[in-house]
Structure formats: structure tokens, C-alpha cells
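Enquirer: Can you keep this structure in mind? I'll have questions shortly.
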């Protein structure tokens, strides 16, 4: 590859700089590859869409073209070029067998550039992957090997990896590279994650976000949470370094429970084979004011990642009850550490407590007297505080009676007042439950019900909303092939109730409806997917399907599917076919096949694709495997998310040709360039981009982020007319063409 003149001038200027080694200190065995300040934009172990970040990203001031010099001696082992991923990349074997990887390069040093150009011509493609013989291209410490760039994915930077002799990425900040770092990691929040139907945090089966107060290196939770069952701890935390404000991943996390070490995660190495297990180590949560990635301080089933320090057989989950976390308060401390040894600590108080439960609350008016009856239980308290309150509108509550009593049946008589009544039961540690009733409710007023569910791996939580407060809490009837039972609802709001019920592998379809009311019902599928077993699950007679390989599932679970009508999307045509697969946050060891059935009226099914909801109205193609006989479109995925079918019938765009049609040039080696793009399925293969000059195909370099396809001819063009042609095809098969005839003097 020929280095452009402006780049050669810049490199000559940079050569006058003083060479910067790494700062002295333990582990600083490599020289810094750039003659720039030692600043990082990303570090090892950060979360990426499909894997862990396998190296460090060196900042290049938002510019390209800085010299990259070898930090140590060895030889070049591999050279790759691609429009995607790492772009232009070099692989260097060190004398001790380790490997250095340099990615997103703008260009290679001349000897390597020439080899790449020959390989591209022979293959007639930009993408090549060359393996060199040991010692064929030796490299000395400080030797110029490339120039930094922005090829592949991302803004200008130099991606640098250190791998061991088995090609497993290591953390460069503890394997030879250092940056100035006097700043401790920064905590943003914590989360407690319940595990299973018998587990709750503050009465919820969902992860509960915990806000923190504090600064510098000491943080404290704003609230004390009540926990029961099994739960894990996750931390939202990032590191900082002196030279740049970028948020970096921490190096080590530790969890202490009552002063005793529970689990340690140290991000030292991650195999590419297990890189997709990032979703077992990380949790993405929405919380008030935003969303974020949390680092799990526990080890889920199937997790093969090697950076956990746990006692044999332990998983880091905290278990409430006898022999584990006893009833009462416990102190959790999460410590975050960076590679330079700076630490921060976040402290959280947790109360282990089984919440009281009001099973029944009824109001019986008799003239001017009201008789209130209740049935209350609590598995770990012998006395409860009970309070009856009244409200006219559910906003302001006036206490009418307060007493103490044992769990069990209770009855009180009070002056009758029309309005809302609430019974609260509170135990000695502050755990509470409540139920409301309406006195004087119009029985003829129709009740509007909304019945929803949240799927978890082995149970479902049903949520019931009512149009107005009821005289008494409703009941749910759930039935399958082996059971028909009535389920009491736990009240979570004035007009909101919830209940949880386990899935039954032998039960078939599970139907849930409100007792004694005409209301919409729910039907859930009870088909269990097990590790080590192939499975196919379908809904609606095959309208939605999942196909699992034997090695897909990490743990048993019951998949669910909820159809929806997708919204309009830019560059795509709707089909009204969408499906939200749950449980949330599940990932798989092997890819899962997802299929949705398209309507018979679709005119051209070959333009259909399965798209993933990226949020904020964005949809991206994940695949377009087509089965016309069964009218199915599918793809292979790692996670169960929201998917929909869209049709892409719009051709890609070719908005700029350079040289423009009719142009007359003095330059004999002009840059040939086209601006291309596609708002629908996108451009996903290099062979779908063609750049030709006078009928001869050129090696076009595609930059997907800039949307450019370009080539600079190796040999000067002959004087006269020349024809530039561009063809672009998207992933749905739509094609665009453009031509420009220009003259060279």
C-alpha cells in the first residue's frame, strides 16, 4: 500500500519527537507504540455487544496517521484487512511466544503494504488474511510497522492487545503497558438480583437498583433493602485515568459480606472461545434516570470464565436463612480496584427478613358499624404492627386503629365511613404488606382489568391492574393439564396486584384468569428447555418458533413469546409481525434459531428479514433465512429479545461520485470514490460492492461508518476519457448503480 504524501509528511514530522517509553515501574516492559501522551479511551474487559473488549484502546487525539512502532522485538505473524471489525490489523509474535495485536490501522509499513497489495490483487478483494512464516519479517523494538487509523469499527484510535502463546487475550495493563493513574474507580450504583420464585428484594422478583451517595473512594447506599431467598450483587462502576476522561472497566471487584470475602473477579484474561459469555458476567438494567451495565459478583450456571475467585463449589450468590445469612441486618461491601492499585468501596446494608403477608382483608358494614376481617401470616415473626387507615381518595390516609397482634385471623369493629380502607402489617424489621378495600363501592360499576405477565426462567409473575379501587382484592384462577387452583394476589398499588406461580413441565398450556369476573385471560406455554437437549418450541401453530441445539441452554427454563405490531421503521416496510421473546436477560452458549411467519399477502418474501429492536425506533437486520414452503423468516441469535419482520424494497443510495461526471483532471492518479449507504437491511458483504474503471474491477476499500467506497490507482491513468462505475447491493438483494465519465489530460 502506498502511503499518501500528507501522511508521509506527518510521519516525518513525528519522527522528530522524543520516543516515549512506558513509565518506569512494575510491569512496564514495553515501549509505548505511539509518540503521544499515554491516554486510553477503552481498557481490557469492557462490555461490547457480543463479547468482552480484548485489549486497550490508545487515544490518537481524534486523528489518524500517527506512527506505530513495535513495543518489543519479534516477527510479524499475521496481517489482515477487512472493512469491518479490526479493519487493517497486524499480529506480532514476541520472542517469548506472546502475541501483540494492532488494529484499526490506516496503513502498513511499506514491506507489509506491498505484500497485502499483491494478495488483494490475487484474490481480487480488499479482505485478505495473510499468515507469515516465523522470522520471515523480523521486527525490532521501536521499528515502524504501521500508521494509526480508524479502519473497521470506531473513531480514530489504536487498538492494542497482548495475547499469551495460546492466543488468549491478557490484560495489557498488567502485562507490560502502563498509564498514569492516580484516580480511584467511580461507583454509580448497585443492584441486588433475586434468583428464583422464593427470592425477593424489597418485595420484588426483579433486580433492584440501589442509589449511592459519596465521592472520591467511599460510597454508601441511600436505602436499606429487605431480602429473602437467594440473591446476587451487581455493581455499576467504572475506572478513570489521569490523561483522559473516558470511562474504563475496573481491574478487580471484591464482595465482602459482614467483613468476610465472598467472591473476587479479576479481569486478567478472557478466552475468545468464551468471550460470548460476557452476558453471564454483566447485567444491563434500566433504572430511574437511565440504564447501564452492571458487573455481576456471582457466577451463574454454565459460566466457564476463569477470572472468579470462589471457594470450591460456590457461586457467590447470597442465601438467606439458617446457616447462611441469618435474619437481621448484614453489611455488604463492594471494593473496586484498578490496575494501578487505586481502590474504592461501596457499602450497603441489607435486612434479611420474610415479609408479612395479608392473605385476606374484607369489609362488612352493618348500619353505622364496620366490621373488618383479616388473615395475616409471617413465617419469621410472632408479633406484627397492624394499622387500619381511611382515605376519601387514596392520596391522604388517616389512621383509625393501630394495634399489635400475632399472625393469624383478626377482626375489628369501627365506625363505618364510605371511602377507602387500608390494612398495613409491619414486622419488627420494617418489612410490610398492605391491602385495601372500598366501602360504598357501586357494585354495578364495571371493572376494567388489565392482565400482564413477566416471565422468569422457571416461574411467571402476573400483574393485574383495575380501573378503580375494588371492595376486596380479586383472586386469580390458574389451570393446566394437572392443576386448577385459586391464587391470592399481593397488592402493590391502590389498583395494582401481583402473584407468582411456578411453571410445570408436564402441565401443557397454562391459563390464568380473574375469578368471578369477565376479564381477559393469559395463556402461557409450559415447555421446558434443558441443557444438553435439543428442543423446538412454537406458538400459535408455528407463527413464532425457537429451535435450540443441545448445547444452547445454560440452565433449564421455559421460553415465552408475546406478539406485537412493530412500529414504522426508516427505510423498511412493516409486516405487522413482531414477537417479544422472554425471559429477559437470558443468553445462550450456542446460537438459537428464531423464526417468524410472514403473512400470505407479502408480494416478495425474498426482501423480508428478521430485525432486532435496538430501541428508540432503530431496527437492525439479524438474518434473513427464508423458508418459502412454511412462510418463515429466521436468523441465529445469542439472546431472546424483541424481533420483527420488515421488508426492504428500497435500493441503496449512491449520492456522490468522485471524479464527478464531466470532470476534467490534471492528476493522473486521482482518488476514485463513491458515497454509498442503505437505511434498510444495510450492506453486509464486500462482494456486494463493486468499483470499476473502464470495465475493470478495482480493489475497493469500503468504510461502512463513513459510507465510502474508494480506490487510488497504482499506475497513472492514460490521458483521455475514463468510465467510473459503482454497483451496490444491500442484504435484501436491492441493487443500485451509478456511472461517471471523466477526462484525464
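Numbering (my numbering), first residue to last: 422 to 1166. A virtual CB, placed ideally from N, CA and C, is assigned to each residue, including glycine. The structure displayed is predicted, hence computed values, not measured ones.
Going by the DSSP bridge assignment, what does residue 764 pair with across the sheet?
Expert: On the chain shown, position 343 is the one that residue 764 refers to. In the DSSP output, where bridge partners are listed per residue, residue 764 has 758.
Enquirer: Please work out which residues of its chain come closer than 8 Å, Cβ to Cβ, to residue 1166, disregarding the five sequence neighbours upstream and downstream, and give them in chain order.
Expert: Numbered from its first residue, the chain shown carries residue 1166 at position 745. Taken in chain order, the residues that qualify are 1085, 1086, 1087, 1140.
Enquirer: Spatial neighbours of residue 1158 within its chain, please: CB distance less than 6 Å, with the 5 preceding and 5 following residues excluded, ordered by chain position.
Expert: Taking the first residue of the chain shown as 1, we reach residue 1158 at position 737. So the qualifying residues of the chain are 1148.
Enquirer: Round the Cβ separation of residue 945 and residue 881 to the nearest angstrom and send it over; I've been treating them as touching at under 8 Å.
Expert: Along the chain shown, one-based indexing puts residue 945 at 524. Along the chain shown, one-based indexing puts residue 881 at 460. Contact holds; Cβ gap of about 6 Å.
Enquirer: Among the residues of its own chain, which have a CB less than 6 Å from the CB of residue 935, if the five just before and after it don't count?
Expert: Against the chain shown, residue 935 aligns to sequence position 514. For residue 935, where only same-chain residues beyond five positions count, the Cβ hits under 6 Å are 870, 895.
Enquirer: Pick helix, strand or coil for residue 544, following the three-state DSSP scheme.
Expert: Against the chain shown, residue 544 aligns to sequence position 123. Residue state, collapsed to three classes: helix.
Enquirer: On the DSSP bridge assignment, give the partners of residue 952 in chain order.
Expert: Here residue 952 is taken as the residue at index 531 of the chain shown, counted from 1. Partner(s): none; residue 952 has no beta bridge.
Enquirer: Suppose only complete runs of 3+ residues qualify. What are the beta strand (DSSP E) ranges in the stretch 507–562, listed by chain order?
Expert: Here the runs fully enclosed are 509–515, 520–529, 549–552.
Enquirer: With residue 604 as the anchor, note down where its alpha helix (DSSP H) starts and where it stops.
Expert: In the chain shown, residue 604 corresponds to position 183, counting from 1. From DSSP, residue 604 is part of no alpha helix (DSSP H); its letter is neither H nor E.
Enquirer: For residue 444, which three-state DSSP category applies?
Expert: Within the chain shown, residue 444 is the residue found at index 23, counting from 1. Low confidence applies to residue 444: its pLDDT is 41, below 50, so where it sits in the model is not reliable enough to give any reading.
Enquirer: To test your reading of the DSSP string, which unbroken beta strand (DSSP E) runs of 3 or more residues are found completely within the stretch 810–851?
Expert: Segments of the beta strand (DSSP E) lying fully in the stretch 810–851: 819–826, 829–836, 840–847.
Enquirer: So who's on the other strand from residue 615, going by DSSP bridges?
Expert: Numbered from 1 along the chain shown, position 194 holds the residue referred to as residue 615. DSSP output for residue 615 lists 652 as bridge partner(s).
Enquirer: Measure the alpha-carbon distance for residue 447 versus residue 524 and round it to whole angstroms.
Expert: The residue labelled residue 447 in the question sits at position 26 within the chain shown. The residue labelled residue 524 in the question sits at position 103 within the chain shown. Its pLDDT being 40, under 50, residue 447 is placed unreliably by the model, and the measurement read from it follows with that caveat. Rounded to the nearest angstrom, the two C-alpha atoms are 26 Å apart.
Enquirer: What would DSSP say about residue 693, mapped onto helix, strand or coil?
Expert: Along the chain shown, one-based indexing puts residue 693 at 272. Helix at residue 693.
Enquirer: Between the stretch 691–701 and the stretch 763–771, do at least 3 Cβ pairs fall closer than 8 Å?
Expert: Not touching, per the Cβ criterion.
Enquirer: Considering Cα atoms alone, identify which of 1078, 1164, 1027 is closest to residue 1131.
Expert: In the chain shown, the residue the question calls residue 1131 occupies position 710. Selected option, being the one with the closest Cα: 1078.
Enquirer: Which of the three DSSP states, helix, strand or coil, is assigned to residue 698?
Expert: One-based indexing of the chain shown puts residue 698 at position 277. Helix at residue 698.
Enquirer: Near residue 565, which residues of its chain fall below 7 Å by C-beta distance, leaving aside the five closest residues on each side in sequence?
Expert: Here residue 565 refers to the residue found at position 144 when the chain shown is read from its first residue. Excluding sequence neighbours, residue 565 sits near 488, 490, 530.
Enquirer: Between the alpha carbons of residue 1001 and residue 1064, how many angstroms are there, rounded?
Expert: On the chain shown, position 580 is the one that residue 1001 refers to. On the chain shown, position 643 is the one that residue 1064 refers to. C-alpha separation (whole angstroms): 6 Å.
Enquirer: Taking residue 1011 as the reference, give the member of 917, 908, 1019, 1057 with the closest Cα.
Expert: In the chain shown, residue 1011 corresponds to position 590, counting from 1. If we check each option's Cα against that of residue 1011, 1057 comes out closest.
Enquirer: Assuming residue 1042 contacts residue 1054 under a Cβ cut-off of 8 Å, what Cβ separation, rounded to an integer in Å, is found between them?
Expert: Within the chain shown, residue 1042 is the residue found at index 621, counting from 1. Within the chain shown, residue 1054 is the residue found at index 633, counting from 1. With a Cβ gap of about 11 Å, residue 1042 and residue 1054 do not count as contacting.
Enquirer: Indicate whether the contact test is met: 3 or more Cβ pairs, each with one atom in the stretch 961–977 and one in the stretch 1008–1028, closer than 8 Å.
Expert: With the cut-off at 8 Å, the stretch 961–977 and the stretch 1008–1028 touch.
Enquirer: Note down, in chain order, each residue of its chain lying with its Cβ closer than 8 Å to the Cβ of residue 625, except the 5 sequence neighbours on either side.
Expert: On the chain shown, residue 625 is found 204 positions in, with the first residue counted as 1. These residues qualify, in order along the chain: 615.
Enquirer: Under 6 Å Cβ to Cβ from residue 445, same chain only, skipping five residues before and after it: list those, please.
Expert: In the chain shown, counting from the first residue as 1, residue 445 sits at position 24. Residue placement at residue 445 is poorly supported in this model, since its pLDDT is 33, which falls under 50; the coordinates are not used for a value here.
Enquirer: Return yes when the Cβ of residue 838 is within less than 9 Å of the Cβ of residue 791, no when it is not.
Expert: Position 370 of the chain shown, counted from the start, is the residue given in the question as residue 791. Position 417 of the chain shown, counted from the start, is the residue given in the question as residue 838. Taking 9 Å as the Cβ cut-off, residue 791 and residue 838 qualify as a contacting pair.
Enquirer: Would you report the Cα separation of residue 477 and residue 1014, rounded to the nearest angstrom?
Expert: Here residue 477 refers to the residue found at position 56 when the chain shown is read from its first residue. Here residue 1014 refers to the residue found at position 593 when the chain shown is read from its first residue. Between residue 477 and residue 1014, the C-alpha separation is close to 33 Å.
Enquirer: Give me the Cα-Cα distance between residue 968 and residue 1052, rounded to the nearest whole angstrom.
Expert: Position 547 of the chain shown holds residue 968. Position 631 of the chain shown holds residue 1052. Going from the Cα of residue 968 to the Cα of residue 1052 covers about 16 Å.
Enquirer: Have a look at residue 631 and residue 713 and give me their C-alpha separation to the nearest angstrom.
Expert: Mapped onto the chain shown, residue 631 falls at position 210. Mapped onto the chain shown, residue 713 falls at position 292. Taking the straight line from one Cα to the other gives about 13 Å.
Enquirer: For residue 657 versus residue 609, is the C-beta spacing smaller than 9 Å?
Expert: Counted from its first residue, the chain shown places residue 657 at position 236. Counted from its first residue, the chain shown places residue 609 at position 188. Yes, these two residues count as a Cβ contact at 9 Å.
Enquirer: Would you kindly work out how many angstroms separate the C-alpha atoms of residue 994 and residue 1110, rounded to a whole number?
Expert: Translated into positions along the chain shown, residue 994 becomes position 573. Translated into positions along the chain shown, residue 1110 becomes position 689. Going by the C-alpha atoms only, they are around 24 Å apart.
Enquirer: Starting from the Cα of residue 652, find the closest Cα among 621, 552, 646, 644 and give me that residue.
Expert: Locating residue 652 in the chain shown gives position 231, where the first residue counts as 1. Residue 621 is the option with its Cα nearest to residue 652.
Enquirer: Is it true that the CB of residue 1112 sits closer than 9 Å to the CB of residue 1138?
Expert: What you label residue 1138 is simply residue 717 of the chain shown in a count that begins at 1. What you label residue 1112 is simply residue 691 of the chain shown in a count that begins at 1. It is not a contact, given that the beta carbons lie outside the stated cut-off.
Enquirer: Can you tell me which of 805, 845, 820, 810 puts its alpha carbon nearest to the alpha carbon of residue 826?
Expert: Mapped onto the chain shown, residue 826 falls at position 405. The residue with the shortest Cα to Cα distance from residue 826 is 805.
Enquirer: Can you give me the start and stop residues for the beta strand (DSSP E) that residue 677 sits inside?
Expert: The count along the chain shown starts at 1 and reaches residue 677 at position 256. Looking at the DSSP string, the run of the beta strand (DSSP E) that includes residue 677 is 673–678.
Enquirer: Is the separation between the beta-carbon of residue 720 and that of residue 976 shorter than 9 Å?
Expert: Your numbering for residue 720 matches position 299 in the chain shown. Your numbering for residue 976 matches position 555 in the chain shown. In this structure, residue 976 does not lie closer than 9 Å to residue 720 by Cβ.
Enquirer: Measuring straight from C-alpha to C-alpha, what distance separates residue 551 and residue 499?
Expert: Residue 551 sits at position 130 when you count from the first residue of the chain shown. Residue 499 sits at position 78 when you count from the first residue of the chain shown. Rounded to whole angstroms, residue 551 to residue 499 spans 6 Å at the Cα level.
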